[in-house]
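Enquirer:
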Amino acid sequence: MNRGWTKMAVWKCEACGETKEGRCKPQKCPKCEAKGQFVKAEEK
Ligand SMILES: [Zn+2]
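Residue numbers (this note's numbering): 1268 to 1311.
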């Protein structure tokens, strides 16, 4: 059982292609500073 564990996911910025791993969706891209451009690319 993995109760309490939040799955990591890979998020991809649709504006510049930057990928970032995290538990929740990044608000802002660290590379191009676009907001709300991240989409889930992969579940880990
Ligand atoms: Zn970006």
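Cβ atoms here follow ideal geometry from the backbone N, Cα and C, with glycine treated the same way. Here the structure is a predicted model, which means the values were calculated and not measured.
To which residues does DSSP link K1287 through a beta bridge?
Expert: W1278
Enquirer: Could you check the C-alpha separation between A1301 and K1295 for me, to the nearest Å?
Expert: 6 angstroms
Enquirer: In whole angstroms, give me the CA-to-CA distance for K1307 and P1297.
Expert: 16 angstroms
Enquirer: Per DSSP, what kind of secondary structure is A1308 in: helix, strand or coil?
Expert: Strand, per DSSP.
Enquirer: So, using beta-carbon positions, are K1279 and T1286 closer together than 9 angstroms?
Expert: yes
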